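> In this text, residue positions in the sequence shown follow this note's numbering: the first is 31, and each later residue adds one. For every residue, glycine included, the Cβ atom is placed at its ideal position computed from N, Cα and C. Computed from a predicted structure; not experimentally measured. Below: one structure in structure tokens.
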Amino acid sequence: MSDPITFDDFLKVDIRVGTVVRAEPYPEARKPAIKMWIDFGPEIGERRTSAQVTVHYTPDTLVGRQVAAVVNFPAKQIGKFMSECLVLGFADAGGAIVLIRPDHDVPNGQRLH
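And the structure:
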């Protein structure tokens with residue numbers, strides 16, 4: 031377990047829900063990955079990212095799916111692709127990432143409470 035944080039520390043991490051509107055393979059990545067374009071609603075807009083989620087997902091299965099992501103990290107160059115957010119998930123028993131998402135559809139851009 032990590033060191034305890036304050037509630038104010040938690041509030042600094044801006045986790046929002048968005049819908050994957052476009053996804054494609056990222057064959058140039060060092061490890062198998064998928065590029066995603068995610069719509070976070072009118073306040074934030076569309077952000078892109080790449081994620082090593084190819085064990086459980088294909089580009090086709092990601093489009094239309096709501097995902098949770100950190101949207102207030104600085105952009106980061108991932109190979110030839112600029113990542114503008116970090117999608118969130120948990121590792122399964124084999125270490126492959128399973129993305130987290132809400133149980134019900136919610137408006138894009140909603141913040142995690």
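My parser needs the alpha helix (DSSP H) runs of 4 or more residues fully inside the segment 67-133; what are they?
71-74, 89-92
> Would you mind sorting F70 into buried or exposed? The rule is 16 or more other CB atoms within 10 Å of its CB.
The residue you call residue 70 lines up with position 40 of the sequence shown. Burial call: buried.
> Using the Cα positions of V136 and L129, report the straight-line distance between them to the nearest angstrom.
As a working mapping, residue 136 is identified with position 106 in the sequence shown. As a working mapping, residue 129 is identified with position 99 in the sequence shown. Taking the straight line joining both Cα atoms gives about 16 Å.
> Do you know offhand how far E58's Cα is from S80's?
In the sequence shown, residue 58 corresponds to position 28, counting from 1. In the sequence shown, residue 80 corresponds to position 50, counting from 1. Here the alpha carbon of E58 sits roughly 11 Å from the alpha carbon of S80.
> If you follow the alpha helix (DSSP H) that D38 is part of, which residue opens it and which one closes it?
For the purposes of this step, residue 38 is identified with residue 8 of the sequence shown, where counting begins at 1. Residues 37-42.
> Along the chain, where does the beta strand (DSSP E) containing E58 start, and where does it finish?
Counting from 1 along the sequence shown, the entry for residue 58 is found at position 28. Looking at the DSSP string, E58 is not in any beta strand (DSSP E), and its letter there is neither H nor E.
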